[in-house]
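Novice: With the working numbering applied, the sequence shown has no gaps in its numbers, which climb one by one up to 955 at the end. Beta carbons: idealized from backbone N, C-alpha and C, even for Gly. Quick one: structure below, then a few questions.
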Amino acid sequence: MSEVKDFIVIGDKKIRLKDFPTKPDESTDKEKTLKKMNENLTKMEDYQDKLYSEGDEGLVLIFQAMDAAGKDSTIKNVMRGLNPQGIDVHSFKAPSSEELSHGFLWRAEKRFPPRGKIAIFNRSYYEDVLVSRVHKLYLNIRMPDRCKRGNVISRRYQDINNFEDYQYNNGYRIVKFFLNVSKDEQKRRFLERIDLKIKNWKFSASDVKERGYWDEYMEAYEDAINATASKNSPWYVLPADKKWYTRYLVTEAVIDVFKKIKPKYPTLPDEEQERLQKDKEILLNEK
Ligand code: ATP
Ligand code: MG
């Protein structure tokens, strides 16, 4: 059975997406996996409580994927293991005109949580090297020509690496997930969204059109992952054809990053401890 470390990319060697599976291997037992996931959700709650009380590090979980790969439901599942007070979820949609009149990282920087909290990004600044690359959207932005000449996307990779280093140097950890769904499974899910009335709302007009650019997107993902994976801000290329498996692997990856953070409850200085004891006496002596 595979483990989450089989899917991590840290930039030590170039990866090819087609070498990564989209399904769990044969030996993976669904019942056991679900059980382990539930245990992980309990562990996550404990870690998060410590992270929050300590307030030293912030955590940002980024979810990127093709449509219908299961970003929403995976995020919903991860949230089950976290206290809503310590977490912010943000979906990055097509940028507004205000956002477009700033550098591409501006809107993401504003969504970084205060240290001690967790942010989940449903899409992110990676869209600016994915959809922007596939449709050359950067050509439509009002910017001087020098910003549109040469390899705009390569410069953005550099900007992202610098930005992620900057965040790391300021107490943040960023973990990036690519939910790797197969083209066949995407088709199956699209058809289900069309056939099932309660799922109709999930289907958008652009979904089939974007599917037509599948190969371009895969190339864009592969290049972006290779250019921006690092030890401190790794990518995980997770099989996404079976949602229960993806969700489990995400909890494993989240626990791994918590293990690196090692959050602990702050201990009070001696004089505060003494004060607590005095307050205890007052409470116990109350009539
Ligand atoms: P679902 O997977 O459930 O359809 P979604 O994340 O696709 O959810 P939508 O509202 O359908 O949500 O789509 C958001 C759209 O915004 C996507 O098509 C995405 O490519 C686009 N988008 C996000 N960031 C940018 C960006 N920086 N530039 C251009 N388009 C962007
Ligand atoms: Mg969509």
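#1: From the DSSP secondary-structure annotation, give me the bridge partner or partners of GLY726.
#2: Along the beta strand (DSSP E) that carries ASN790, what are the first and last residues, could you check?
#3: I'd like the span of the beta strand (DSSP E) that includes LEU944, first residue to last.
#4: In angstroms, rounded to a whole number, what distance separates the CA positions of GLU725 and TYR834?
#5: Where ASN956 and ASN751 are concerned, what is the direct C-alpha to C-alpha distance, given to the nearest angstrom?
#6: DSSP three-state label for VAL876, please.
#7: Grab the span of the beta strand (DSSP E) containing VAL849 for me, first residue to last.
#8: Check whether the segment 708-724 touches the segment 765-777, counting contact only when three or more Cβ pairs, one atom from each stretch, lie closer than 8 Å.
#9: My guess is that LYS698 and TRP912 are in contact by the Cβ rule of under 8 Å, so how many angstroms apart are they, rounded?
#10: So, at 7 Å on beta carbons, what are the nonlocal neighbours of LEU1004 in its own chain, with the 5 sequence-adjacent residues on each side left out?
#11: Report the CB separation of MET712 from VAL922 in whole angstroms; it is logged as a contact under 8 Å.
#12: Quick check on PRO907: does DSSP put it in helix, strand or coil?
#13: Taking the CB atoms as reference points, tell me whether THR919 and GLY749 lie closer together than 8 Å.
#14: Do you know how far the Cα of PRO937 is from the Cα of MET734?
#15: Tell me whether the beta-carbon of VAL820 lies closer than 8 Å to the beta-carbon of ILE788.
#16: State the Cα-Cα distance for the pair LEU917 and VAL677, rounded to the nearest angstrom.
#17: Could you please give me the residues that DSSP links to ASP800 through a beta bridge?
#18: Indicate the three-state DSSP secondary structure (helix, strand or coil) for PHE731 in the structure shown.
#19: Out of ILE862, PRO692, ILE929, point me to the one whose CA is closest to GLY723's CA.
#20: With which residues is VAL672 paired in a DSSP beta bridge?
#21: Reducing DSSP to helix, strand and coil, say where ILE866 ends up.
#22: When the Cα atoms are used, what is the spatial distance from ASN708 to ASN790?
#23: What residue from SER765, TYR836, TYR885, ARG814 has the CA that sits closest to VAL799's CA?
#24: Can you find a heavy atom of the ligand ATP that lies under 7 Å from the Cβ of ALA895?
#25: To which residues does DSSP link PHE688 through a beta bridge?
#26: Which same chain residues, not among the five before or five after PRO934, have their C-beta less than 7 Å away from its C-beta?
#27: Note down the Cα distance separating LEU952 from LYS946, rounded to an integer number of angstroms.
#28: Applying the 10 Å Cβ sphere with the 16-neighbour rule, what's the burial state of GLN753?
#29: Please report how far the alpha carbon of MET658 lies from the alpha carbon of ARG841, in whole angstroms.
Specialist: Let's see:
#1: TYR840
#2: 786-790
#3: Looking at the DSSP string, LEU944 is not in any beta strand (DSSP E); the run it does join, the alpha helix (DSSP H), is 938-952.
#4: 14 Å
#5: Only positions 669 to 955 of the chain appear in the structure, and residue 956 is not among them; the question remains open.
#6: helix
#7: Taken as a continuous stretch (DSSP letters only), VAL849 belongs to no beta strand (DSSP E), as it is neither H nor E.
#8: no
#9: 6 Å
#10: Residue 1004 cannot be examined here, being either before or after the span of the chain that is shown, 669 to 955.
#11: 6 Å
#12: strand
#13: yes
#14: 50 Å
#15: no
#16: 14 Å
#17: According to the sequence shown, residue 800 is Ser rather than Asp. Answer is none; SER800 lacks a bridge partner.
#18: strand
#19: ILE929
#20: DSSP output for VAL672 lists no bridge partner at all.
#21: helix
#22: 21 Å
#23: TYR885
#24: no
#25: Bridge partners of PHE688: none, in fact.
#26: SER721, GLU722
#27: 10 Å
#28: exposed
#29: This structure gives no information on residue 658, because the portion of the chain shown stretches from 669 to 955.
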